[in-house]
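Colleague: In the numbering used here, the protein residues as written are 126 to 538.
All residues carry an ideal CB built from backbone N, CA and C; glycine is no exception.
#1: Comparing C-alpha positions only, which one of 136, 359, 297, 273 sits nearest to residue 469?
#2: On the CB-based measure, 16 or more other CB atoms within 10 Å of its CB, does residue 138 come out buried or exposed?
#3: Pull up the DSSP beta-bridge partners for residue 230, would you.
#4: To the nearest angstrom, how far is the alpha carbon of residue 397 from that of residue 371?
#5: Could you give the C-beta distance for residue 266 and residue 226, rounded to a whole number, given that I count them as a contact under 8 angstroms?
#6: Rounded to a whole number of angstroms, what is the C-alpha to C-alpha distance between residue 179 and residue 170?
#7: For residue 294, which residues from the same chain have a beta carbon less than 8 angstroms from its beta carbon, with the 5 sequence-adjacent residues on both sides left out?
#8: Just verifying my parser: in three-state terms, what is the DSSP assignment at residue 390?
#9: Identify whether residue 146 lies in helix, strand or coil by the three-state DSSP scheme.
#10: Please classify residue 347: does DSSP put it in a helix, a strand, or coil?
#11: Taking the DSSP output, what are the residues bridged to residue 440?
#12: Mind the definition here: the segment 447 to 457 touches the segment 465 to 484 only if three or more C-beta pairs lie below 8 angstroms; say whether that holds.
#13: If distances are taken between C-alpha atoms only, which option among 494, 181, 126 comes closest to residue 167?
#14: Could you check whether the segment 396 to 411 touches the segment 371 to 386, counting it as contact only if at least three pairs of C-beta atoms, one from each stretch, sit closer than 8 angstroms?
#15: Just the C-alpha distance for residue 199 and residue 409, rounded to the nearest angstrom, thanks.
#16: Taking the alpha carbon of residue 434 as the point to measure from, which residue in 424, 452, 163 has its own alpha carbon closest?
#17: Taking just the CA atoms, how far does residue 490 sit from residue 498?
#18: When you compare only the Cα positions, how much space is there between residue 224 and residue 465?
#19: Please list, in chain order, all residues of the same chain as residue 323 whose beta carbon is under 6 angstroms from its beta carbon, the five residues on each side excluded.
#20: Are the segment 362 to 371 and the segment 427 to 443 in contact at 8 angstroms, needing three or more beta carbon pairs?
#21: How long is the line joining the alpha carbons of residue 534 and residue 211, rounded to whole angstroms?
#22: Once the 5 residues before and after residue 165 are set aside, which same chain residues still bring their CB inside 7 angstroms of it?
#23: How close, in whole Å, do the beta carbons of residue 163 and residue 184 come, if the pair is a contact with beta carbons under 8 angstroms?
#24: Using 8 angstroms as the threshold, is the segment 331 to 338 in touch with the segment 422 to 429, meaning 3 or more CB pairs across them?
#25: With a cut-off of 8 angstroms, does the C-beta of residue 197 fall near any C-beta of chain C?
#26: Going by DSSP, what residue range makes up the alpha helix (DSSP H) through residue 365?
#27: Of the choices 126, 150, 346, whose alpha-carbon is the least far from that of residue 501?
#28: With 16 other CB atoms within 10 Å as the buried threshold, where does residue 213 fall?
#29: Ignoring anything shorter than 3 residues, give me the beta strand (DSSP E) runs that lie fully in the segment 305 to 345, in order along the chain.
#30: Just verifying my parser: in three-state terms, what is the DSSP assignment at residue 500?
#31: Let me check understanding here. Comparing Cα to Cα, which of 319, 494, 287, 341 lies closest to residue 307?
#32: With distances taken from CA atoms, which of 378, 388, 343, 280 is nearest residue 353?
#33: Would you tell me roughly how many angstroms separate the C-alpha atoms of residue 428 and residue 310, rounded to the nearest one?
#34: Closest to residue 303 by C-alpha separation, out of 325, 280, 313, 222, would be which residue?
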């Protein structure tokens, strides 16, 4: 089976980790796999499993993905024509309807993966005409709804990384439930552990004493992650507990890194807030943290949360997207209502006041919790089973009709 992964990305993160893991799983099953990067080159610098023969193809684009028409997409994707196309999407609006339709035409089966929770439709507003006597028709609202609903038509299957993401697509954009399936993200269990060696070496590199409390995160430094709130609340925590030796560590790179550095400096936290930069070896960074924080405003099923818990970190996370599907018990971490800034601060303060043994115990429970539910090996196998099942279904339809494109499939478009 020939499988093409489409990606439209500019930096490394959870979506890219998922793409590589699923591609390696399918190649290990004997399938021919190519990862086509649309307009960017992110994957070539990544160390893929040397046993896997996965082709990485860069697709130069002279226009934004959203501006390219259907006929041009046909020409762009023609070299990758095969059995199954998997589009790993960062959010609902990634790509375009034209891309979807081209992939549907060129591949026997087309599958999309929704990594983030879609935004709900905004309130319906409109101008009033004739001196306010006649209300407008809110055409912009209907256009937005229709364009997002149309993204449900071309894929044969839509994989959501959380039940929350799946429910939102049905509730807000009327996606057909029969196309949607939930398969959670999973972490690489053999790599992530509470390694004492990694903890000691990374803390030495970061100049953090062993008895200091390290609160932190690993991820892209961008607005949706809420790291500005983390710095603000950490400033309050330092003021409330001046006797406690604490550090806030934000591991990663991104568009607001300098803005966050300025915020930390203005708050008088020089030396207390650390920015080690991007790491290709996050399994070495997590063990150096005692408490992992995720004050995000939007998540799907966050891989960083799973990795941190697997590394024995005590998690504090806003309950957005699929986060409540991970933090299902209060003894494995603090689950905070979305947007509850005070609740998040209280959780940070509770962690800072907890005794070290109590934190270690919670970290051990967190690790056991994710190991029993979210290992990559089991969940990528479910993804691969679905893709292979869709291929067999498409092959059966072709055999039954005797046509290259089954009429029944064409009618669905």
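Modeller: On the basis of the coordinates in this document:
#1: Nearest C-alpha to residue 469: 359.
#2: With 16 or more Cβ atoms within 10 Å of its Cβ, residue 138 is classed as buried.
#3: Answer is none; residue 230 lacks a bridge partner.
#4: Straight through space, the alpha carbons of residue 371 and residue 397 are spaced by roughly 7 angstroms.
#5: Residue 266 to residue 226, Cβ: 24 angstroms. No contact.
#6: Rounded to whole angstroms, residue 179 to residue 170 spans 13 angstroms at the Cα level.
#7: Answer for residue 294: 217, 239, 243, 277, 283, 285, 300, 305, listed in chain order.
#8: DSSP places residue 390 within a helical segment (H, G or I) once states are collapsed to three.
#9: If DSSP states are grouped into helix, strand and coil, residue 146 belongs with the helices.
#10: Correct three-state label for residue 347: coil.
#11: Within the DSSP bridge table, the entry for residue 440 names 417 as partners.
#12: With a cut-off of 8 angstroms, the segment 465 to 484 and the segment 447 to 457 do not count as touching, because too few Cβ pairs lie within range.
#13: It is 181.
#14: The answer is yes - the segment 371 to 386 touches the segment 396 to 411, with three or more Cβ pairs under 8 angstroms.
#15: Note on geometry: alpha-carbon atoms of residue 199 and residue 409 lie some 43 angstroms from one another.
#16: Minimum Cα-Cα distance from residue 434 among the listed residues 424, 452, 163 corresponds to 452.
#17: For residue 498 and residue 490, the distance between alpha carbons rounds to 13 angstroms.
#18: Residue 224 and residue 465 have their C-alpha atoms spaced approximately 38 angstroms apart.
#19: 409, 412, listed in sequence order.
#20: By the C-beta criterion, the segment 362 to 371 is judged not to be in contact with the segment 427 to 443, since fewer than 3 inter-stretch pairs fall below 8 angstroms.
#21: Here residue 534 scores only 40 on pLDDT, less than 50, and its place in the model should not be relied on; the value that follows carries that caveat. So the alpha carbons of these two residues sit roughly 18 angstroms apart.
#22: Taken in chain order, the residues that qualify are 134, 135.
#23: With a Cβ gap of about 5 angstroms, residue 163 and residue 184 count as contacting.
#24: Result no; under three Cβ-Cβ pairs closer than 8 angstroms.
#25: Going by chain labels, chain C is absent from the structure shown, which holds only one protein chain.
#26: DSSP places residue 365 in the uninterrupted alpha helix (DSSP H) bounded by 352 to 365.
#27: Of the candidates 126, 150, 346, the one whose C-alpha sits nearest the C-alpha of residue 501 is 150.
#28: Its Cβ being crowded by 16 or more others within 10 Å, residue 213 is buried.
#29: Complete beta strand (DSSP E) runs here, min 3: 305 to 307, 338 to 343.
#30: The three-state reading of DSSP puts residue 500 in strand, counting E and B together.
#31: Nearest to residue 307 by C-alpha distance, out of 319, 494, 287, 341, is 287.
#32: Comparing alpha-carbon positions, the option among 378, 388, 343, 280 lying closest to residue 353 turns out to be 388.
#33: Near 7 angstroms, if we compare the C-alpha coordinates of residue 310 and residue 428.
#34: Checked all of 325, 280, 313, 222; the closest Cα to residue 303 is 280.
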